[in-house]
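Protein chains in written order, with the UniProt record's numbering: chain C, 1 to 414; chain L, 1 to 232; chain F, 1 to 237. Glycine included, each C-beta is placed from N, C-alpha and C at the ideal position. Below: the structure, in structure tokens.
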């Protein structure tokens with residue numbers, strides 16, 4: 001039995017692989033993009049809170065967030081839970097391809113875990129109702145609908161957008177009695193975030209030093225190595241996943257990282273903007289909420305990155321933050337938001353040198369050694385942090401780029 | 001030649017064919033079947049008729065069902081004894097004997113490896129046995145068949161493949177006016193292309209894929225676009 | 001976030017249907033189908049290679065999976081899945097492709113009532129566009145009896161909260177045979193008969209919708225049909 005003969009996977013034949021290698025060498029891509037061009041991202045919000053369909057070219061992902069009350073773990077009695085579930089089967093038929101399935105689902109799972117759980121992007125302490133008794137368990141279901149390359153970015157964008165879109169019911173705990181309010185009684189509460197991570201994927205080929213961003217399935221299957229970098233909107237690295245057989249220059253990785261940071265920031269801005277548009281629609285009246293019916297055909301409910309960000313590239317920053325604050329009627333949120341905006345502005349100042357080319361090691365020989373070790377140590381630190389649950393105090397938002405250092409500190413505390 | 005474009009749905013009885021069948025032999029193609037004395041459709045799509053008496057349903061399809069005599073593009077999956085297993089996009093993997101190549105003998109085996117792309121003819125096909133391929137014609141010459149090196153290869157719907165393979169297909173002729181190229185179209189909905197440069201190959205492939213959406217009507221527009229792209 | 005109940009639609013009419021063919025690139029046929037605010041996506045793959053344990057020499061093996069939007073399939077989803085499979089098994093021309101597998105996957109995108117009927121209808125459309133051989137097409141209709149004793153065809157979720165009984169019928173397109181009957185709640189046999197008639201009438205609309213959508217999809221490439229057709233020769237330039 002040759003179980004993977006049923007599904008057509010581009011990039012499995014020699015001519016295709018050779019062709020892609022050659023194309024990359026000549027700086028050509030099949031869909032006419034340049035090596036640093038991404039495909040358009042389209043968001044569609046469902047009628048329920050926390051339902052988002054994301055399409056990245058032909059790659060389509062549906063994410064749905066649900067919550068219920070549960071008991072916390074003994075090691076973290078005052079924190080809620082965040083659970084991520086990836087589903088590759090179903091209409092994407094990714095489970096038919098038995099041999100590559102395991103690899104794919106493992107990589108995707110670990111990427112999402114590290115990007116969203118280990119980086120502690122959701123403020124889990126705010127999800128605690130009564131310490132050691134009741135906490136909110138947030139469950140994210142990521143259903144892959146179609147795979148045309150770069151599932152990583154599509155999934156992280158979908159997950160972040162769904163988490164940001166999600167509202168949980170208000171709850172009070174008094175006299176050993178839990179009371180959950182319906183939406184009519186009290187308005188639903190959005191989740192609190194410490195930062196907003198999004199991944200960016202690069203493919204590297206042996207034939208060329210130039211990495212290509214946002215690969216299609218053909219490009220991904222023919223690639224020698226794939227690098228996934230998760231950055232948050234403050235341009236801090238959250239996850240780095242590099243593998244494969246192509247020997248990669250540190251310079252290349254740094255270049256990828258720099259572009260990825262900018263891209264991640266743009267994506268987060270886009271999600272915010274899309275959310276505020278969805279919010280406006282909801283305020284205008286429930287009749288306008290079409291939900292996922294909007295996915296069929298060309299409708300205004302599809303929010304496209306190019307359209308949204310193309311128009312408002314200049315006047316983007318200010319109005320959005322304002323809108324965000326207007327939107328966040330529920331308690332506590334505006335405060336955090338303010339803190340964040342302050343932080344963001346201060347961060348931007350510090351980020352400026354990082355953003356310019358000085359971030360790239362100018363003297364390759366002297367810089368080359370420490371940088372990869374830093375990257376790898378941050379990765380290792382992440383992994384360990386994930387496993388060690390005994391960390392008592394919640395770590396505040398890590399400042400600037402010295403991620404790995406703060407991780408080390410965390411380990412020493414343990 | 002008449003073209004009818006009535007849409008038939010599965011289960012629909014087609015009385016026109018039954019009438020015709022009373023007087024002469026009728027050939028039922030894909031999507032039609034005989035049920036006792038009636039002719040019934042089993043797929044949804046426009047009913048086609050070719051003189052004198054061939055009928056079939058021209059439904060949209062991506063999955064290939066092997067049929068004898070079809071020329072297909074396949075990817076070699078593995079070697080198994082004196083056979084190669086070839087993925088042709090059908091339910092079963094097809095097999096091709098290493099003797100089914102031009103000038104191949106027991107001593108002189110063709111050098112095929114997993115991942116190679118071959119253009120072959122279906123020798124045997126039936127629902128109950130795995131399809132068998134050959135890369136030679138009846139007199140042992142390879143003709144157009146054989147291994148396709150280089151070039152680019154992609155998948156499309158079976159309808160597009162069949163359309164390109166039609167006699168006097170205006171598409172390929174129109175594209176020839178723009179630039180020279182080599183093409184191998186498999187009825188299994190796979191197309192192999194090679195032009196002088198990589199850029200031209202990409203442009204051609206995109207032009208052909210664009211046809212899937214638009215059909216013949218826009219072939220001129222697509223050719224214009226192609227010309228513009230190549231000049232740019 | 002409740003949608004208004006069946007906006008602008010009478011009680012004895014189906015909600016607005018929409019569909020988009022082949023939104024997914026990996027499978028042989030796929031459809032995104034909506035009835036009112038309920039949206040499902042169905043994809044088929046077939047005929048494909050079958051595992052030895054499921055192999056049958058005189059017919060194809062049918063695999064049918066339904067996936068909810070959140071969480072793993074529970075009993076409710078399994079029942080739905082079984083209902084769709086039963087209908088499909090009746091309609092599929094299994095003997096056309098022995099020793100093979102037909103795989104149907106249905107993904108719920110949004111459930112706003114009549115999800116059972118939508119799952120069945122989307123499966124039918126996916127089979128039609130995937131070119132899988134069928135004995136006949138089929139359509140399912142959902143109907144409820146509300147508190148006042150009125151019949152509501154294809155209700156929105158908000159209307160199903162206070163229902164006395166709910167019915168789902170599936171019909172084939174040729175003889176109008178009943179392929180599936182699912183009932184819940186208490187009702188009189190006369191009501192059952194009334195609702196069956198109501199649903200049967202509504203199924204005609206759905207068959208009409210299938211036909212028009214398929215015609216529309218093929219009309220797109222109708223210009224092709226004008227030209228000559230020869231399938232067997234190959235060509236190299």
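Rounded to whole angstroms, what is the Cα-Cα separation between residue i and residue j?
i: residue 176 (chain C); j: residue 133 (chain C); result: 10 angstroms
i: residue 45 (chain C); j: residue 161 (chain F); result: 25 angstroms
i: residue 53 (chain C); j: residue 292 (chain C); result: 8 angstroms
i: residue 222 (chain C); j: residue 175 (chain L); result: 28 angstroms
i: residue 167 (chain F); j: residue 43 (chain L); result: 29 angstroms
i: residue 146 (chain C); j: residue 61 (chain C); result: 7 angstroms
i: residue 58 (chain L); j: residue 160 (chain L); result: 12 angstroms
i: residue 49 (chain L); j: residue 219 (chain L); result: 25 angstroms
i: residue 191 (chain C); j: residue 88 (chain L); result: 50 angstroms
i: residue 147 (chain F); j: residue 60 (chain F); result: 45 angstroms
i: residue 188 (chain F); j: residue 81 (chain F); result: 28 angstroms
Using three-state DSSP, classify residue i as helix, strand or coil.
i: residue 183 (chain C); result: coil
i: residue 428 (chain C); result: Residue 428 (chain C) is absent from the model: chain C starts at 1 and stops at 414.
i: residue 222 (chain C); result: helix
i: residue 13 (chain L); result: strand
i: residue 238 (chain C); result: strand
i: residue 359 (chain C); result: Only weak support is given to the placement of residue 359 (chain C): the predicted model assigns it a pLDDT of 44, under 50, and the value that follows is read from those uncertain coordinates. Helix, per DSSP.
i: residue 28 (chain C); result: coil
i: residue 78 (chain L); result: strand
i: residue 43 (chain C); result: strand
i: residue 304 (chain C); result: strand
i: residue 192 (chain F); result: helix
i: residue 186 (chain F); result: coil
i: residue 146 (chain F); result: strand
i: residue 28 (chain L); result: strand
i: residue 278 (chain C); result: helix
i: residue 48 (chain L); result: strand
i: residue 347 (chain C); result: Only weak support is given to the placement of residue 347 (chain C): the predicted model assigns it a pLDDT of 40, under 50, and the question is left unresolved by the model.
i: residue 34 (chain C); result: coil
CB-CB under 6 angstroms to residue i, same chain, minus the five flanking residues each way: which ones, in chain order?
i: residue 61 (chain L); result: 158
i: residue 201 (chain C); result: 150, 152, 153, 228
i: residue 242 (chain C); result: 227
i: residue 55 (chain C); result: 42
i: residue 91 (chain C); result: 145
i: residue 48 (chain F); result: 101
Within 8 angstroms of any Cβ in chain F, is that where the Cβ of residue i sits?
i: residue 110 (chain L); result: no
i: residue 46 (chain L); result: yes
i: residue 127 (chain L); result: yes
i: residue 219 (chain C); result: no
i: residue 92 (chain L); result: yes
Say whether chain C places a C-beta atom closer than 8 angstroms to the C-beta of residue i.
i: residue 199 (chain L); result: yes
i: residue 84 (chain F); result: no
i: residue 36 (chain L); result: no
i: residue 191 (chain F); result: no
i: residue 65 (chain L); result: no
i: residue 18 (chain F); result: yes
i: residue 115 (chain L); result: yes
Examine chain L for any beta-carbon lying closer than 8 angstroms to the beta-carbon of residue i, and answer yes or no.
i: residue 61 (chain F); result: no
i: residue 42 (chain F); result: no
i: residue 18 (chain C); result: yes
i: residue 133 (chain F); result: yes
Near residue i, what residues of its chain come up, given a Cβ to Cβ distance below 7 angstroms and the 5 sequence neighbours on each side ignored?
i: residue 82 (chain L); result: 97, 98
Give me, in chain order, the residues of the same chain whose beta-carbon lies closer than 8 angstroms to that of residue i; leave out the 5 immediate sequence neighbours on both sides.
i: residue 7 (chain L); result: 44, 45, 46, 47
i: residue 9 (chain L); result: 41, 44
i: residue 198 (chain L); result: none
Completely contained alpha helix (DSSP H) runs for the UniProt domain "Exoribonuclease phosphorolytic" (14-133) of chain F, where each covers 4 or more residues: For the UniProt domain "Exoribonuclease phosphorolytic" (14-133) of chain F, whole alpha helix (DSSP H) runs of length 4 or above, ordered along the chain, are 75-91, 115-130.
Every unbroken alpha helix (DSSP H) inside the stretch 119-207 of chain L [4 residues or more]: Residue ranges of uninterrupted alpha helix (DSSP H) with 4 or more members, entirely inside the stretch 119-207 of chain L and ordered along the chain, are 158-165, 170-178.
Only counting runs of 3 or more residues, tell me where the beta strand (DSSP E) segments fall wholly within the UniProt domain "Exoribonuclease phosphorolytic" (38-169) of chain C, in order along the chain. Those beta strand (DSSP E) runs which fall completely within the UniProt domain "Exoribonuclease phosphorolytic" (38-169) of chain C and span 3+ residues are 41-45, 51-56, 59-70, 81-87, 128-130, 134-146.
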